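So the structure is just underneath, and the comments pick up after that.
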Amino acid sequence: MSASASHRSVFSYLYNHNPFYVISAVLMLFAVRSAYGTIEIGSINCWIMMGVLAGYTLLLAGIGVLIVRWGKVWEDARSILLILLLLFLGVSVSMDDLFSRITPQEGMTLMIAGFLFSALVSEAVLWGTGIRFGARYRIPYHLFLALFYFAPWWCSPEMHPRSAASLEWTLFLFPVVASVLFLCLLPAIRGGVSYVKGNGTPWGWPLFPWIAFGVIAACVALRSFALCLTFGPAGPMWITSGSGPRMISFDTLWGFYFLIPLGFVLLLLLLEGSLVTGNQKFQAGVIRFSPLLLLLAMPAATGRVHLGFLFKVTDVIGSPIWITLWLLVGFYLWAAVRRVPGAVGAGMGAIALFAIVGPQTQGSGSLIDPTPWPLLLDGVLLLGLGLRKRSSGICTAGIVAATLGIWLVIPETILFEYRFTVCFHLLWITALVLGLTMKDDFSRVLQCASALLIPLVSVVVIWSTRAVEIPFLWRLTYVVSWAVGCLLIARIWSLRWFWYSFTGTTSILVYTSAAYGFRLATKVLSPAAVTAFVWSVAALLIAFLISAHKARWLPEYAWLLPRKETPPEADLLPPISEETSGEEE
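Numbering-wise, our numbering puts 499 at position 515 of the sequence shown, and it's gapless, one number per residue.
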C-alpha cells in the first residue's frame, strides 16, 4: 500500500468515526482534574469547576441536537449522547467538595439544582433530536440521575453528621441501591424489541438503549469509587510526598467487591433479555460466563484502610467470595426455574464450592477444611435428576458426590477405621444397581466394571495381609455370597460379564478351599500322603469328565471331538444314473 493510500485510509477512518468528541471530553475532564489537584481548593474554585463542566455539557448537548436535527449525522450523535452521560457524572462528582463546605440548606438547593440541570438537559436533547424514549426506560434513567446527586448530599458529614462506622456502611450501600434501580428495567426488557420500534433513531434493540445503560453501569462504579475517595472517614484524601505536589491517596475502603450486587443484577437482566428474545446461545453464554462474578470478590488491594473495612464486611455479613457464591446459587436457581440449559449443572458446581469456602474465606490462603453438606446436597440433587432423566451417568456423578460427603462425615462416627471399606462398597454396589436397572450406554460400562471387581475384590479379601484380622470363615462367606450373586444376575439378566465373574470367583473359591484343606491336612498327615491324595482326586475328576463327555452329558466342543478323515473329492460326487447315460447315447 502506498503512503498516500495509507494516509487516505487513516483520514477516512477518522472522518467516519470522528473520535474528536471523545478526545475533547477526555481532555476537558483531565484539565478539570489537573486543576483540582494543583490549585488551592475552596468553595469558589469548586463552583467555578462545576460551572465549567456544566457549560461544556450544555455546549456539547447543543452540538448534538444541531447535527441530528439539521444534519442527520447519527453516528457522531451517538458519541455525543454517551459522552453526555459521563459529563453528568462529572458534574455530580465536582459537587462533592461543595457538599463538605456549605450549609445543609445550600446543600439541599445544590442537590436539586444539579439533578434538574441533568434532567432538563437530557429532556431537551431527546426533544431536540426527536428520540422517543419510552417511560419504562425514561423513569429508571432519571432515577439514576437523581441517585448521582442525592448520594453525595446524603453521605456528606456536613449535611448528615454520623459516626465513621455508619458512614462507611452508607458508602458501601450506594452500589446496592444502584443495583435495585437497575431492577426497575425489568419491565422494559420484557417489552422486548417491539417496545423500542419507531424510536426516532436508526438504532435498533438492543443497541438502543442498552448501550446507554451500559455506560450508566460504568458511571455507577466510578461514582461509588469517587464517594469513597471524597467522604471515606479513614485518612485524608490528599497526601504530600516529600517536597513534591499533593497526590490523591487511593487507599480507600472501596474495593471491586463493592460491585458484586451490580454484577449480579446485570446477569439477571442479561438472562431476562435472552429469554425474551428466545436466544438460547446467549442464554448458554450468560450461564457459562457468570462465574466471572467471582473475580470481583478476589482481594485486589493491600492498603491499611481497604483491608480494615474488608475485615469488617467479612465479620458482619461474610466474605465477598462467600456472598458471591450464594448470589450465584440464587441466580442458577432462577435460571433453572426458567428452564435455561446448563443452569442446574452450574448451580451444583457453585454449591460444591461451599465445601471449601466459608464465611471467612477471603482467598486461596483462607480456605476451610472440607465440609460434607454441599457434597451430600449435590449428590442427592444429581441422583434425583439422573433418575428423572433415566441417565446412569448423572446418577453415578451424584453417587460419587454423595460418597465424598460420606467420606468426610465418617471420621465423626465409630466407622472411622472402616471409612475406605464403607465408601468403596457404596460406590461398587450402587454402580452394580445402576448398571442393572438403567438402559443407556453408560450402564453397560457400569455392568462390566462392577462384574470385573467381584473376582478382584475376592482375591484381595482372601489373600490381603490387611484382611488377616477378619476370621477366614467370614471372608470365605463374603466371597461365596458374591459368587451366588453373580450366578443369579447372570441367569436373570443373561449378562456374559457376570458369567465370567462367576467362573473366576468360583475358581478362586475352589483354589482357596483346596489350599486351606491342604494346610489342615498336613497338620495331621504327612505332606507326601496329602499330595498324593490331591493328585488322585484330580485324576479321578479328569477321568470322570472324559467319561461324561463320551456319554454326551457335556457340550461337544470341537477340540474334544475325534478328527474324521475327509473323503476324496470323487467320493463326494453323486453317482450317474443309467437312464441319464442312455439318453446321452
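Glycine included, each C-beta is placed from N, C-alpha and C at the ideal position. Every value quoted in this text rests on a predicted model; they were computed, and no experiment measured them.
query = Exposed or buried, Leu309, counting other C-beta atoms within 10 Å across all chains shown (16 or more means buried)?
reply = buried
task = Quick one: residues in its chain with C-beta nearer than 6 Å to the C-beta of Thr214, no 5 flanking neighbours on either side, listed in chain order?
result = Asp80
inquiry  = If you reduce the DSSP assignment to three classes, tell me which class Gly566 lands in.
reply    = Its pLDDT being 45, under 50, Gly566 is placed unreliably by the model, and the measurement read from it follows with that caveat. Helix, per DSSP.
query = How do the segment 263 to 270 and the segment 292 to 303 stand: do at least 3 beta-carbon pairs fall below 8 Å, yes or no?
reply = no
request  = Measure the C-alpha to C-alpha separation of Leu68 and Pro190 and round it to an integer number of angstroms.
outcome  = 20 Å
task = Could you name the residues of the same chain whose beta carbon sits closer than 6 Å to that of Ala172, not counting the 5 residues immediately before and after it, in chain order?
result = Cβ neighbours of Ala172 within its own chain (closer than 6 Å, five residues either side excluded): Arg120 and Tyr121.
task = Pull up the distance between the alpha-carbon of Ile307 and that of Pro358, whole angstroms please.
result = In this structure, the CA atom of Ile307 is about 16 Å from the CA atom of Pro358.
ask   = Counting along the chain, where does the alpha helix (DSSP H) carrying His144 start and finish?
value = Premise fails: His144 is in no alpha helix (DSSP H) and is neither H nor E.
Proximity to Ile333 [Cα-Cα], best of Leu361, Val260 and Ser76 = Before going on, a small fix: residue 333 reads as Gly here, not Ile. That would be Leu361, whose Cα lies nearest to the Cα of Gly333.
ask   = Among residues of its own chain, excluding the 5 on either side of Pro3, which ones have a beta-carbon nearer than 7 Å to its beta-carbon?
value = none
Nearest candidate by alpha-carbon position, reference Leu294, set Gly176, Gly35, Arg503 and Trp153 = Distances from the alpha-carbon of Leu294 to those of Gly176, Gly35, Arg503 and Trp153 put Trp153 closest.
query = Can you list, in chain order, the residues of its chain whose CB lies under 6 Å from that of Leu392, leaving out five sequence neighbours each side?
reply = Sequence-distant partners of Leu392 (beyond 5 residues in either direction) whose C-beta falls short of 6 Å from its own C-beta, in its chain, are Pro354 and Pro356.
request  = Go to Pro304, then tell me how far its alpha helix (DSSP H) extends in each direction, as first and last residue.
outcome  = Taken as a continuous stretch (DSSP letters only), the alpha helix (DSSP H) holding Pro304 covers Pro304 to Val321.
task = Would you tell me roughly how many angstroms separate the C-alpha atoms of Glu24 and Ser78, rounded to the nearest one?
result = Unreliable placement is indicated for Glu24, whose pLDDT of 46 sits below 50; the coordinate value is still reported in the next sentence. Using only the alpha carbons, I get a separation of about 15 Å.
request  = Take Leu276 as the anchor and find which of Thr286, Phe240 and Gly292 has the nearest alpha-carbon.
outcome  = Phe240
key: the segment 245 to 258 / the segment 315 to 323 touching (three or more Cβ pairs under 8 Å)   = Segments in contact, yes.
query = Shortest alpha-carbon distance to Lys296 belongs to which of Ser150, Val452 and Gly48?
reply = Of Ser150, Val452 and Gly48, the residue nearest in Cα terms is Ser150.
message = Suppose contacts are defined by Cβ-Cβ distances below 8 Å. Is Phe134 in contact with Met95 by that definition?
response = yes
Sub-8 Å separation of Ile115 and Gly184 beta-carbons = Using a Cβ distance threshold of 8 Å, Ile115 and Gly184 count as a contacting pair.
message = Let me make sure I understand the geometry here. Which of Leu243, Ala61 and Leu471 has the alpha-carbon closest to that of Leu311?
response = Leu243
message = So, does the segment 468 to 486 touch the segment 436 to 444, judging by three or more C-beta pairs under 8 Å?
response = yes
Straight-line Cα distance separating Thr345 from Ser102 = 42 Å
task = Spell out a yes or no on whether the segment 451 to 459 and the segment 426 to 433 are touching, meaning 3 or more CB-CB pairs, one atom from each, closer than 8 Å.
result = no
query = Which one of Ala339, Arg322, Leu366 and Val341 has the shortest CA to CA distance from Gly329?
reply = Leu366
Unbroken stretches of the alpha helix (DSSP H), 4 residues or longer, contained in the segment 126 to 200 = Along the length of the segment 126 to 200, whole alpha helix (DSSP H) runs at least 4 residues long occupy 148 to 167 and 170 to 175, reported in chain order.
query = Residues in its own chain within less than 6 Å of Thr414 by CB, not counting five upstream and five downstream?
reply = Ile383
request  = Would you grab the beta carbon distance between Val518 and Phe502 for me? Rounded to a whole angstrom, and I think it's under 8 Å.
outcome  = Contact flag correct, Cβ pair sits at about 7 Å.
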